[in-house]
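Undergrad:
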Amino acid sequence: MAYAGLGFVLGCHVALLVTLAMTVNSFSVALAIAVTQGDLYLVSKETP
């Protein structure tokens with residue numbers, strides 16, 4: 001169940017990163033990367 005939610009969240013972030021890459025807005029890209037890293041950190045803490 002958690003993995004399905006994780007896949008959905010990561011999928012949305014990948015789509016977001018692709019969109020931002022097209023707009024070439026470096027600040028937005030950096031922000032999106034930071035958010036993604038934050039999610040991965042939370043997941044690593046929740047995973048036993």
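Residue numbers (UniProt numbering): 1 to 48.
Where is the CB? At the ideal position from N, CA and C, for every residue including glycine.
Here the structure is a predicted model, which means the values were calculated and not measured.
1) Return the CA-CA distance between S28 and A4, expressed in angstroms with no decimal places.
2) Once the 5 residues before and after V9 are set aside, which same chain residues still bring their CB inside 8 Å of it?
3) Is any heavy atom of the ligand COA found at a distance shorter than 6 Å from the C-beta of L10?
4) Look up T36 in the DSSP assignment and say whether it is helix, strand or coil.
TA: For this structure:
1) Reading the sequence shown from its first residue, position 28 is the one you call residue 28. Reading the sequence shown from its first residue, position 4 is the one you call residue 4. So the alpha carbons of these two residues sit roughly 26 Å apart.
2) If you number the sequence shown from 1, residue 9 lands on position 9. Only D39 meet the Cβ criterion.
3) The model depicted lacks the ligand COA and carries no ligand whatsoever.
4) For the purposes of this step, residue 36 is taken as residue 36 along the sequence shown, with counting starting at 1. In the structure shown, T36 sits in a helix (DSSP, three-state: H, G or I).
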